[in-house]
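Our numbering puts the first residue of the sequence shown at 4, with every later residue one more than the last. Some notes on the structure that comes next.
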Amino acid sequence: MDLFTTEFLTALISIVIIDLVLAGDNAIVIGLAARNLPKEQQKTVIFWGTVGAIVMRVIATSAVVWLLKIPGLLLIGGVLLLWIAYKLLVDGKGHEIEAKRTVFQAIQTIVIADTVMGLDNVLAVAGVAHGNYLLVILGLVISIPIIVWGSTLFLRLMDRFPWILYVGSGVVAWTAGGMLTGEKFMKPYFPEGSLLSYGVQVLAVLGVLALGYLQNQKSKKASDGVQTS
């Protein structure tokens, strides 16, 4: 994938969208971990916690990019990513992060929580990158500051405009479809750039969005029924 081609820029935009949607909880984790510290120490915790999170995310994503080159793992990763795209739409995320009273403990909590919570993000970014480590690093460099300083606003926008979440889930599902057809032993059946290959990706997006929408409507009706009874 050549630098700054249409393919490169499209992949970079996809990575930023995935980072924003899947990692929107990171600022909440940072806030919860640092809330008991004095104001002057909170900035230190946010800075070093973010640095630690970026380093761990780059290491984890680079490892997954390498692992996905092993035959069969791309297919497994695609199936797992389809599930992640669906759960993104239908799951509410809780935040059981204990506030810490020292700078070191707060930073440690942020890095560990980000590493654990970011596994879905890592897999999605690795799937889009197609082995391009520059894409991985650029995507994280662009999106992490937005997540840290702007994700509270982004989360409010997602609450106000639910379709944003559907866009993010669609991007993840599209990536998953590309991973499924990109597996080496699947390429004879789905040649790269063929209509059949794109058809699988479109089907993945429509399937995930439809199932997520139907499940959300079902949950909404059940919730409304409880409230009226």
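For each residue, glycine too, the CB sits at the ideal point set by N, CA and C.
Within 7 Å, strictly: CB atoms of residue i and residue j
i, j, result
"glutamine 44", "valine 106", "yes"
"glycine 52", "isoleucine 145", "no"
"alanine 207", "glycine 180", "yes"
"glycine 185", "leucine 83", "no"
"valine 131", "threonine 64", "no"
"valine 211", "alanine 88", "yes"
"alanine 127", "isoleucine 21", "yes"
"glycine 202", "isoleucine 18", "no"
Through-space distance from residue j to residue i, alpha-carbon basis
i, j, result
"phenylalanine 188", "glycine 80", "15 Å"
"serine 197", "asparagine 135", "22 Å"
"phenylalanine 1", "alanine 129", "Absent from the model: residue 1. The displayed extent of the chain is 4 to 232, so no value can be given."
"alanine 225", "valine 93", "14 Å"
"threonine 8", "threonine 47", "38 Å"
"alanine 56", "proline 191", "39 Å"
"glycine 228", "glycine 215", "20 Å"
"proline 41", "lysine 223", "41 Å"
"proline 194", "serine 172", "25 Å"
"leucine 217", "lysine 90", "13 Å"
"methionine 238", "isoleucine 49", "Past the edges of the chain, shown from 4 to 232, lies residue 238, and the structure says nothing about it."
"glycine 75", "arginine 163", "40 Å"
"histidine 133", "isoleucine 115", "26 Å"
"methionine 182", "leucine 209", "16 Å"
"asparagine 219", "tryptophan 86", "15 Å"
"glutamine 108", "serine 200", "48 Å"
"isoleucine 73", "isoleucine 140", "22 Å"
Contact belief for residue i with residue j at Cβ below 8 Å, rounded distance in angstroms
i, j, result
"leucine 138", "leucine 15", "6 Å"
Near the ligand ZN: residue i beta-carbon under 6 Å from a heavy atom
i, result
"threonine 112", "No copy of the ligand ZN occurs in the structure displayed, which carries no ligand at all."
Identify every run of the alpha helix (DSSP H) within the segment 58-100, keeping only runs that are complete inside it and at least 4 residues long; order them along the chain. Counting only runs of 4 or more, we get 76-93.
Would you call the segment 163-177 and the segment 57-76 in contact, with 3 or more CB pairs under 8 Å? At 8 Å Cβ cutoff, the stretches do not touch.
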